[in-house]
Amino acid sequence: MAAKEHPYIKGAIEVYTRDAGPSIPRTMAGDEQFYVEKALNNQQWLLHNFEKMARLEEDFGTIGRIKAPSFDDFVSQYISKNRPVIITDAMHDWVPKQKWSFEYFREAHSDAVVGIQDGRESDPHYEQNQRFLRTEVRFGDFLNRIDATESSNDFYMTAGNMGSHRQALHKLFEDAAEIDIRGEYFDFPAEGSLWIGPRGTVTPLHFDMINNFFCQIIGRKRVRLVPSWSLPWVYNEYHVYSEVDAANPDIGLYPEFEKATVFDFIVEPGEVLFIPLGWWHHLESLDPTVSITRKNLKVRLKESYGDGFIKESRLFTPGQAASQ
Ligand SMILES: O=C(O)CCC(=O)C(=O)O
Numbered sequence: 056m057a058a059k060e061h062p063y064i065k066g067a068i069e070v071y072t073r074d075a076g077p078s079i080p081r082t083m084a085g086d087e088q089f090y091v092e093k094a095l096n097n098q099q100w101l102l103h104n105f106e107k108m109a110r111l112e113e114d115f116g117t118i119g120r121i122k123a124p125s126f127d128d129f130v131s132q133y134i135s136k137n138r139p140v141i142i143t144d145a146m147h148d149w150v151p152k153q154k155w156s157f158e159y160f161r162e163a164h165s166d167a168v169v170g171i172q173d174g175r176e177s178d179p180h181y182e183q184n185q186r187f188l189r190t191e192v193r194f195g196d197f198l199n200r201i202d203a204t205e206s207s208n209d210f211y212m213t214a215g216n217m218g219s220h221r222q223a224l225h226k227l228f229e230d231a232a233e234i235d236i237r238g239e240y241f242d243f244p245a246e247g248s249l250w251i252g253p254r255g256t257v258t259p260l261h262f263d264m265i266n267n268f269f270c271q272i273i274g275r276k277r278v279r280l281v282p283s284w285s286l287p288w289v290y291n292e293y294h295v296y297s298e299v300d301a302a303n304p305d306i307g308l309y310p311e312f313e314k315a316t317v318f319d320f321i322v323e324p325g326e327v328l329f330i331p332l333g334w335w336h337h338l339e340s341l342d343p344t345v346s347i348t349r350k351n352l353k354v355r356l357k358e359s360y361g362d363g364f365i366k367e368s369r370l371f372t373p374g375q376a377a378s379q
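Here the sequence shown stands for residues 56 to 379, numbered as in our numbering.
Printed below as a string of structure tokens:
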């Protein structure tokens, strides 16, 4: 679609033409770029003001910790407000929290063949290119490698590896099947993704196109969250990913990132972090860790998941974004 046909740009042209009347300079009236920039400026102005208003809250930038409210209260206070929070008391009766350890995993599934990502440190865009880094290993060997590793981002079992796991690690998925919060929050059958890795794994800054309940079962993770409305400042040059290293932002290269607020905190084992749709997140394992993410909420914006969003599947190479 030509930019001028986009409803947002059309609106900008109509308003500008009406306001400027016959005195509108002809060159400007025909200049598509002028209207595209105008429309983008309007969007950025709005998002910038969302940030200003959010900063009026005294403790903006820190994450709240709460006991699980009823689902209806959670919907009205967090989901509908697109607001993150940590629930501290959701897991006490969950089988994974009570039973899971690497020893338990070995007893259940040492010989299972599972997919993991390997070789991440050799590709600066390992998350975007994850399908090229998939490899299959014995689950027991994978766990031994974690035990023998002080710290590494080279290998990690992530949600991207889930396809092969439900069958291979069926005992763990059976354990996780009943996970809910107050018996109220999730639809069944359970959906969930496993994240297992050594200390030192890093999931770079990106957003999810769905509300995410991130359940930390074993070990701790350091989380950096950036509000959804920070879109103009995160250098979102490819699909759902940011170019910025949120742990160590290069402000010389990405100066706009300074305008974003980074919530920086640690999620402890036993805690559930609610990551609202569109909130940017960067996660770093501080210990060998196991997490489960659950996304099949009772209230689900099914139509928002992936709709209208171009899914890129080509190989992403460093420097590509800059040249586009
Ligand atoms: O635990 C991690 O490393 C990343 C989790 C995540 O990014 C997600 O669930 O979207």
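Yeah, the Cβ is synthetic: ideal placement off N, Cα and C, and Gly gets one too.
Where residue i sits in the DSSP three-state scheme
i: Leu101; result: helix
i: Glu191; result: strand
i: Lys107; result: helix
i: Met212; result: strand
i: Val278; result: strand
i: Leu286; result: helix
i: Glu229; result: helix
i: Glu358; result: Confidence at Glu358 is low in this model, with a pLDDT of 45, below 50, so its placement is unreliable and the value that follows should be read with caution. Here Glu358 sits in helix by DSSP.
i: Ala376; result: Here the model assigns Ala376 a pLDDT of 40, short of 50, so the residue's position is not dependable, and the following value carries that caveat. Ala376 falls in the helix class under three-state DSSP.
i: Arg221; result: helix
i: Ile306; result: coil
i: Asn96; result: helix
i: Pro259; result: strand
i: Val130; result: helix
i: Leu89; result: The question names Leu, but residue 89 in the sequence shown is Phe. DSSP places Phe89 in helix when its eight states are reduced to three.
i: Phe312; result: helix
i: Val150; result: helix
i: Glu339; result: strand
Neighbourhood of residue i by C-beta distance below 8 Å, restricted to the same chain and skipping five residues each side
i: Gly215; result: Gln172, Gln185, Arg186, Arg189
i: Ile121; result: Val140, Ile141, Ile142, Thr143
i: Ala301; result: Pro259, Leu260, Arg279, Val281, Val317, Trp335, His337
i: Ser206; result: Pro253, Arg254, Gly255
i: Phe312; result: Trp288, Val289, Tyr290, Val299, Pro304, Ile306
i: Leu341; result: Arg254, Gly274, Arg275, Lys276, Arg277, Ile321
With 16 other Cβ atoms within 10 Å as the buried cut-off, status of residue i
i: Gly307; result: exposed
i: Glu69; result: exposed
i: Ser346; result: buried
i: Glu358; result: Caution applies to Glu358, whose pLDDT of 45 falls short of 50 and renders its modelled position unreliable; the model cannot decide the point.
i: Pro310; result: exposed
i: Gly170; result: buried
i: Leu224; result: buried
i: Phe105; result: exposed
i: Asp114; result: exposed
i: Val415; result: In the structure displayed, the chain extends from 56 to 379; residue 415 sits before or after that span and is not available.
i: Tyr271; result: Here residue 271 turns out to be Gln, not Tyr, going by the sequence shown. Buried.
i: Gln183; result: buried
i: Lys107; result: exposed
i: Gly119; result: exposed
i: Arg42; result: With the chain running from 56 to 379 in the structure shown, residue 42 is simply not present.
i: Leu149; result: Note that residue 149 corresponds to Trp in the displayed sequence, not to Leu. So Trp149 counts as buried.
i: Lys350; result: buried
i: Leu101; result: exposed
Close-in-space but distant-in-sequence residues of the same chain around residue i (CB under 7 Å, 5 per side omitted)
i: Asp86; result: none
i: Val354; result: Val130, Ile134
i: Arg10; result: For residue 10 there is no data in the structure shown, the boundaries of the chain being 56 and 379.
i: Ala167; result: Phe194, Ala223, Leu224
i: Asn267; result: Ile330, Thr348, Lys350
i: Ala163; result: Lys226, Leu227
i: Ser297; result: Leu260, His261, Val289, Tyr290, Asn291, Trp335
Cut-off 6 Å between Cβ atoms - residues of its own chain near residue i, not counting five sequence neighbours on either side
i: Glu44; result: The shown model of the chain, from 56 to 379, leaves out residue 44, and the question about it has no answer.
i: Phe126; result: Glu239, Tyr240
i: Gln132; result: none
i: Phe269; result: Leu328, Ile330, Thr348
i: Pro151; result: Asp230, Ala231, Ile272
i: Leu95; result: none
i: Gln99; result: Pro287
**OP:** Inspect the CB distances between the region 209 to 222 and the region 246 to 256 and report whether three or more fall short of 8 Å.
**Re:** yes
Original post:
Any contact of the region 318 to 338 with the region 273 to 287, i.e. 3+ C-beta pairs under 8 Å?
Top reply: yes
**OP:** Please determine if the region 232 to 246 and the region 198 to 212 are in contact, where contact requires at least 3 C-beta pairs separated by less than 8 Å.
**Re:** No, because fewer than three Cβ pairs between the region 232 to 246 and the region 198 to 212 fall closer than 8 Å, the two stretches do not touch.
**OP:** Say whether the region 334 to 344 touches the region 283 to 300, bearing in mind that this needs 3 or more beta-carbon pairs closer than 8 Å, one atom from each stretch.
**Re:** Verdict: yes, contact present.
Subject >> Unbroken stretches of the beta strand (DSSP E), 3 residues or longer, contained in the region 155 to 204 >> reply: 168 to 173, 189 to 193
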